[in-house]
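Residue numbers (the working numbering): 30 to 313.
Below: one structure, written as structure tokens.
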């Protein structure tokens, strides 16, 4: 298909990053892409003259090299070719920089570890990569696989959602997938009583968003269904993904500001955290 000619995989040796690498192989095979695997180790900026810390820098790099050795072993087993990079510094900054330098179209990252610390760290890095980077990001849950059979598109009509819609349609067309388009009206409960016309207007606009997507998708021969949800956006989206057994969720990195001043950006982070399948965040 060729949407992503170059793929960057963030690899830290965790099981979630191992699965992310496996799913990157699947994506690369589908897209005929090249894969770069990057491991980022923290840089030590303390006093190297202090007793016991002279070898910290060497130890950190050795740990990173071991991680990449594991990635290479996995690639060899899968008969895949990868380029590896070891960098030092803040993970999200380095990943964003590498993606730009390598001209990667997408960054593939594992989602969540088992401990609270792992969940907080991975989530923080992923959120910052999305927020600071210009490349698409695929967040893959530890035990889930990437597929295109049922593509769920979450849209709010913003330009970011429009970009996600375009890619969702392209993936569905290329891989014979079906498309589900959902738009969620997320307003405080009191607004239904205090401003019913405003809520009705939001629902009407949401219907227009998904209707437009349906029209475009069906013109390309894609089986498409549309849905309007009401409630906490991330919960409605992830619950719907479970109900529909979605293969992947596509959404924009940011969105419109609603009554609750909750932009798609914060919704995106929560969807990534609770989604039952991989989530592809489209930047442009």
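Every residue, glycine too, gets a C-beta built ideally from N, C-alpha and C.
Remember, it's a predicted structure, so these values are computed and weren't measured experimentally.
Residue 300 and residue 267: beta carbons closer than 8 Å?
-> Taking the first residue of the chain shown as position 1, residue 300 is located at position 271. Taking the first residue of the chain shown as position 1, residue 267 is located at position 238. Yes; because the gap between Cβ atoms is below 8 Å, this pair is in contact.
Please report the residue range of the beta strand (DSSP E) in which residue 92 lies.
-> Along the chain shown, one-based indexing puts residue 92 at 63. First-last for residue 92: 85-106, but that is the alpha helix (DSSP H), not the beta strand (DSSP E).
Compute the distance between the beta-carbons of residue 278 and residue 262, then report whether it is under 8 Å.
-> Your numbering for residue 278 matches position 249 in the chain shown. Your numbering for residue 262 matches position 233 in the chain shown. No, the Cβ-Cβ distance between residue 278 and residue 262 is not below 8 Å.
Thinking C-alpha only, which one of 86, 158, 41, 120 is nearest residue 100?
-> Residue mapping note: residue 100 aligns to position 71 of the chain shown, counting from 1. It is 41 whose Cα lies nearest to the Cα of residue 100.
Could you check what DSSP says for residue 246 in three-state terms: helix, strand or coil?
-> On the chain shown, residue 246 is found 217 positions in, with the first residue counted as 1. Helix at residue 246.
Could you round the C-beta distance between residue 251 and residue 208 to whole angstroms and report it? I think they count as a contact, below 8 Å.
-> Residue numbering aside, residue 251 sits at position 222 when the chain shown is read from its first letter. Residue numbering aside, residue 208 sits at position 179 when the chain shown is read from its first letter. Correct: roughly 5 Å between the Cβ atoms.
Hey, how far is the Cα of residue 296 from the Cα of residue 88?
-> Position 267 of the chain shown, counted from the first residue, corresponds to residue 296. Position 59 of the chain shown, counted from the first residue, corresponds to residue 88. Looking at the two C-alpha atoms, the distance is approximately 38 Å.
Distance CB(residue 37)-CB(residue 127) smaller than 8 Å | Within the chain shown, numbered from 1, the residue matching residue 37 stands at position 8. Within the chain shown, numbered from 1, the residue matching residue 127 stands at position 98. Yes, they are a contact pair.
Contact between the stretch 151-166 and the stretch 105-116: three or more CB pairs below 8 Å?
-> no
Would you grab the beta carbon distance between residue 280 and residue 193 for me? Rounded to a whole angstrom, and I think it's under 8 Å.
-> Within the chain shown, residue 280 is the residue found at index 251, counting from 1. Within the chain shown, residue 193 is the residue found at index 164, counting from 1. With 8 Å as the limit, residue 280 and residue 193 qualify as a contact, their Cβ atoms being about 5 Å apart.
List the DSSP bridge partners of residue 223.
-> Stepping through the chain shown from its first residue, residue 223 is reached at position 194. Answer is none; residue 223 lacks a bridge partner.
Taking Cβ positions, are residue 124 and residue 69 nearer each other than 8 Å?
-> The count along the chain shown starts at 1 and reaches residue 124 at position 95. The count along the chain shown starts at 1 and reaches residue 69 at position 40. Yes. Within cutoff.
Integer Cβ distance of residue 133 from residue 35, believed to fall under 8 Å = Position 104 of the chain shown, counting from 1, holds the residue named residue 133. Position 6 of the chain shown, counting from 1, holds the residue named residue 35. About 5 Å; that satisfies the 8 Å criterion.
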